[in-house]
Amino acid sequence: MSDLRHPFLLEIGTEEIPARMIAAAIEDLARGIGEALATAGLPARSTRPLGTPRRLAVLVDEVPEQSPDQIVEVTGPPAGVAFDAQGRPTKAGEGFARAQGVRVEDLRRTQGPKGECVAVRKTVPGRRAAAVLADAAPAVAAALAFPKTMRWGSGEHRFVRPVHWIVALYGEEIVPFEFCGVRSGRQTHPHRLKGSEPVSIARASEYTAFLERHGVLVDPQARRQRIAADLAAAAAKAGGRLATPPGSEARGGDADPELLDEVNDLVEWPAVLAGEFDPSFLELPQEILLTSMRHHQKYFALVDGAGRLLPRFLAVANVPDDPQGIIRRGHEWVLRARLSDARFFHQEDRKGTLESFSAALERVAFHERLGSYAAKAARMTRLAESLLPAFAAAGHPADAAAVARAASFSKNDLCTQMVGEFPELQGIVGGLYAQADGLPAAVTEAIYDQYLPQAQDGPLPRGAVGAILSLADRLDTQAGIFLLGLVPTGSRDPYALRRSVQGACRILVERGVSVALPDLLGSAIAAYPAASLKDAVAPEEALRTLLEFWRGRQEFLAAEAGFPVDVVRAALGAGDGDPADARRRMEAVRDFRKTPGFDDLAAAHKRIRNILAGQKEPEERFDPAGLKEAAERLLAERIQDTRPLVAAAAGAGDYAGALRRIAALREPVDRFFGDVMVLAEDRVLRRNRVALLRDLQALFLTVADFSEIAAHRKEA
Amino acid sequence: MGLNFQQLVLRLSEFWARQGCVVQQPYDVEAGAGTMHPDTFFRVLGPEPWRAAYCAPSRRPVDGRYGQNPFRLYRHYQFQVILKPSPPDVQDLYLASLQAFGIEPNEHDIRFEEDNWESPTLGAAGVGWQVMMDGMEITQFTYFQQAGGQELAPIAAEITYGSERIGMFLNNVASVYDLKWSDHLTYGDVRLQEEIEFSKHNFEAADVELLRTLFQACEKESARLLQAGLVLPAYDYALRCSHTFNLLEARGAISVTERTGFIQKVRRLAVGCAKEWVKGREAQGWPLLKGAAAGRTL
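Listed in order, the protein sequences are those of chains A and B.
Quick note: the first sequence, position 427, residue 494 per our numbering, numbers continuous.
Quick note: the second sequence, position 275, residue 362 per our numbering, numbers continuous.
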């Protein structure tokens, strides 16, 4: 066995792969090759995913030349069959030795699962890395999963885009195989600007430097860094900074990380070009200009120190430079056309008020089986109204007239030309137009914010009206889709209902708004004319599945917020119909579980639950006079005293206080279980004791189902 | 100054004629896209090779803007190329075609960005790109995967140039109506009145009841002709259904729930025509696969 190691390069050259698919594909490619090598006994030092729109690649460091020899034992017939009584080989024994290519003398005896049998020990020679890779590379490439694949030419092959070349080099040696009708070799293609003739790579180790000489920055991270640095420099030179357009979120120092990722996977050799547009366009709302630049053009817009848009933009081109400014002038021409289009849409849209689009809303489909947006807006208006008291009770009073107005116009902007052109501006355009119509700030702000939160941890609607609107919209959609039986499963969530429920849940929890979910979702479901829906599920079934779905999302959000799983289960186990309340109980339990004696309380609750689970006694009130032992009388008294205190604390949302009261029961509970036999022979006695425990459990469940708490803090 | 509009169309025709394309003429039944021309819709089906190029007037009633919008037209001209099977160097051929009308690909930023295409009414779908030049979409590039409800093999590449946009870009004009059509006349001189009148017709004047009756009559006739084995005439009536549906939609006469039904009706006709076409060509022994014809079309 040799200790030599060489790098391995695999590059699959294709026509332009969709930007959104590249990152995942090269990760999968690198992982697949790495795993195949490890399985073959050729563990590599590291794998490096590389790629551009025209090539998916992986560079593997230090692959051993040869895998070690392996000794394997092959078992044959039972010893009693292979050898006769004198220990001489039989025909069967000789046959086995022949079949294995060994002499009869080499047969060994070994203990098999069914008794003693004969066996041979053979050395399987290690395989050469090149041979292993020739098998693994096409298999890994074929197993890459893309969201969409295609066929081309004769139609016999399928991949994300047509395959044109494959480079597969182990050190300097070609690893030979065929994939999608293409033989592997050492020829790759340079950047398109450098011609369509292939160029040859001598050895795998040269790959990134070789491609760089041929106009390709193949390392996505290096490419992204260069773009980010060039953008920052160009922005500074233009006297501004990069803007974060509506619907995007700044992250890790990038103003628009999603756009950066996208342009990064659209280029092999990036250059940042700075362009300008006519300042007269700045009269249009900033959101529209920003989106216009980003949506079709993938430009980075610039703002000044005060956040005001500058009449400039940055484009990332797939060329090293633009010496004559031809490309920049092209981009400026295109942007002028785009902005003129936006101005035209704005002028057309503003010929009437936002309200004037109401009639057209009848013809815009919310969902082909659930009717129009006009019907949705009407349902939302009623649902929003029903939410007013809950928001008021939580200290977020909203003006009923503003809510009704915002809800009834909320979807009108779907009929505007502007949203037709820029769907991601839905809500924002409605808000801007409502503002221009002179509607009250609460209404315009609510329409503007109605799709918040967007990202999982993105901002919520600013005001109460917006929060109510966002909630009503989400609940209505959830109700409709669940009525159609389209419950999200696994990776299939075409209506983004997980995000919808999480957003709604966050509004309730973070604004501290208490609701009765079963009633709320029930009325959202009842608002649909269920009878006229084709193939709808029964409303009760829709409600049941939707509540279950909400439960799952509540668990998810709580876990994301850092609550231990058992605390989440305990709190939701005592009631999951009011997410804000459940969250307050979670906080109390999380903080309180560190208190000494808490685990004993949890253990007691578990014990009570087990006892009650086995009980068939009808539920009835216990009779204090029927209690015999001192311990049970004490417990009954203490429950009696504690109940109003717990209720008062819980009613005031002071679950920590409620928990303190409950925890104070620990001693009488312990004494009760020490002294009293719950399942007494005497039926009256037994029923009374069971009833007493039921009361105690009900008291516990005011805050949480403590029996869910894992008792791992016993020693603390 | 760049080429005028008619020169652009002529240069593209010449370029693709040199690549062995049949240079066809526009089809004379109203259609929304060059894909609906029988020389694309039928010829991409089955195993026979085919190359064609033509200018396709594309009527899209909802896109009418009364001649007021500098970029949107009720009727625009696509320049359509079909190459079946798609040749391995199809992207290079495309880039070379840009040179034919004066664009030097090396001086520009030309990118192929994902853009897939689907036509529910034709039962057709494809995978491909929008080709962007310096940030402007100049071409739709599609590898057909299905048409007429059938999985395709071999696969055709469809290249659809946005003629007006390219012309405007070459001539640096801000409104399509200012684009030179010939040396003497502008696009506006030639087409503005048509845009105004048809926008009025499509949005305001078209008789909804008549259109509904027309749709039904054409649907019935298409089905009847198909029964009689007359595939191409049946397809003409299916195209008329499609255009009538587009007009009804522009008139705002189609409700949300009706819409799917209309699309399915047209689709049923298109799928039926595709099936019968393939049967017919097979019965003829795939004429373009034979001898000299096969050599010529490739």
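Where a beta carbon is used, it is the ideal one built from N, C-alpha and C, also for glycine.
At a Cβ threshold of 8 Å, is residue i touching chain B?
i      : result
A/P85  : yes
A/R801 : The requested residue 801 of chain A does not occur in the structure, where chain A is confined to residues 68 to 783.
A/E782 : Below a pLDDT of 50, predicted positions are generally treated as unreliable, and A/E782, at 37, falls in that range; the measurement from the model is reported next regardless. Chain B, which has no Cβ nearer than 8 Å to the Cβ of A/E782, makes this no.
A/K478 : no
A/I393 : yes
A/E21  : Since the first and last residues shown for chain A are 68 and 783, residue 21 of chain A lies out of range.
A/P407 : Before going further, note that residue 407 of chain A is Ser rather than Pro in the sequence given. At least one chain B Cβ lies under 8 Å of A/S407.
A/M68  : Reliability of the predicted coordinates at A/M68 is poor, the pLDDT of 45 falling under 50, and no value is obtained from them.
A/S221 : yes
A/F424 : no
A/R379 : no
Taking C-alpha atoms, which residue in the options lies nearest to residue i?
i      : options                           : result
B/V109 : B/L95, B/H163, B/S262 and B/I169  : B/I169
B/M123 : B/E369, B/Q165 and B/N156         : B/Q165
A/P145 : A/T709, A/T157 and A/G306         : A/T157
A/L340 : A/S315, A/A296 and A/E350         : A/A296
B/V96  : B/A143, B/G339 and B/Q232         : B/A143
B/Q280 : B/L160, B/P134 and B/A104         : B/L160
A/V242 : A/A271, A/E223, A/G248 and A/F739 : A/A271
A/D466 : A/L421, A/A534, A/P135 and A/A503 : A/A534
A/L536 : A/A605, A/R446, A/F739 and A/A697 : A/R446
A/P735 : A/L702, A/L712 and A/T709         : A/L702
A/D524 : A/V486, A/L76, A/L624 and A/P390  : A/L624
B/A316 : B/L376, B/W364 and B/E117         : Looking at the sequence provided, one finds Gly at residue 316 of chain B rather than Ala. Selected option, being the one with the closest Cα: B/W364.
B/I225 : B/I246, B/P175, B/Q232 and B/Q233 : B/I246
Take residue i and list the residues in its own chain whose beta-carbon comes closer than 8 Å to its own, dropping the five residues that flank it on each side.
i      : result
A/T142 : T177, G179, C184, V185 and A186
A/I706 : L732, L759, D762, L763 and L766
A/R657 : F630, P631 and V634
A/R218 : H224 and R225
If we cut at 8 Å on Cβ distances, does residue i have a partner in chain A?
i      : result
B/L385 : Since pLDDT at B/L385 reaches only 49, below the 50 mark, its modelled position is unreliable, and the value read off the structure follows with that caveat. Taking Cβ atoms only, chain A never reaches closer than 8 Å to B/L385, which makes this a no.
B/D150 : no
B/G189 : no
B/V116 : no
B/V365 : no
B/F332 : no
B/D221 : yes
B/P208 : According to the sequence as given, residue 208 of chain B is Thr; it is not Pro. No, B/T208 lies away from the interface with chain A (no Cβ there is under 8 Å from its Cβ).
B/A261 : yes
Could you give the C-beta distance for residue i and residue j, rounded to a whole number, given that I count them as a contact under 8 Å?
i      : j      : result
A/V510 : A/A473 : 5 Å
B/L334 : B/L298 : 6 Å
A/V370 : A/A310 : 5 Å
A/Y518 : A/Q545 : That pair is no contact at about 15 Å.
A/K789 : A/F433 : Because chain A is modelled from 68 through 783, residue 789 of chain A falls outside the range shown and cannot be assessed.
A/T114 : A/G101 : 4 Å
A/P116 : A/V125 : 6 Å
B/S309 : B/A321 : 5 Å
A/R618 : A/D643 : 5 Å
A/G80  : A/I233 : 7 Å
A/V568 : A/R620 : 4 Å
B/G235 : B/K362 : 7 Å
Which same chain residues, not among the five before or five after residue i, have their C-beta less than 7 Å away from its C-beta?
i      : result
A/V582 : A457, L575 and D645
B/N258 : M88, G89, L266 and K267
Compare the C-beta of residue i against all C-beta atoms of chain E and say whether one is closer than 8 Å.
i      : result
B/S342 : Chain labels in this structure do not include chain E; the protein chains are A and B.
Sorted by chain position, which residues of the same chain lie with C-beta nearer than 6 Å to residue i's C-beta, five sequence neighbours on each side aside?
i      : result
B/L385 : Unreliable positioning characterises B/L385 in this predicted model, as indicated by a pLDDT of 49, which lies under 50. A coordinate reading is not provided.
A/E429 : S439 and A441
A/F489 : T358 and H362
> Between the segment 122-140 of chain B and chain A, which residues of the former have a C-beta closer than 8 Å to a C-beta of the latter?
Replying inline: Per Cβ criterion, the list is empty.
> Taking any Cβ of chain A, which residues in the segment 227-258 of chain B have a Cβ under 9 Å from it, in chain order?
Replying inline: Per Cβ criterion, the list reads Y230, Q232, E238, L239, A240, P241, I242, A244, R252, M255 and F256.
> In the segment 489-500 of chain A, which residues sit with their C-beta less than 9 Å from some C-beta in chain B, listed in chain order?
Replying inline: Listed by position along the chain: nothing, the set is empty.
> Taking Cβ-Cβ distances below 8 Å as the criterion, which residues of the segment 89-103 of chain B are in contact with chain A?
Replying inline: Result list empty, no residue passes.
> Any residues in the segment 543-561 of chain A with a beta carbon nearer than 7 Å to a beta carbon of chain B? Which ones, in chain order?
Replying inline: Taking 7 Å as the Cβ-Cβ cut-off against chain B, none of the residues of the segment 543-561 of chain A qualify.
>> To be precise: take each residue of the segment 355-376 of chain A, compare its Cβ to all Cβ atoms of chain B, and keep it if any distance is under 9 Å. Which residues remain?
In response: Interface annotation for the segment 355-376 of chain A against chain B: H363, Q364, K365 and Y366, criterion Cβ-Cβ distance under 9 Å.
>> Counting only Cβ-Cβ distances shorter than 7 Å, please list the residues of the segment 248-264 of chain A near chain B, keeping chain order.
In response: Interface annotation for the segment 248-264 of chain A against chain B: L260 and S263, criterion Cβ-Cβ distance under 7 Å.
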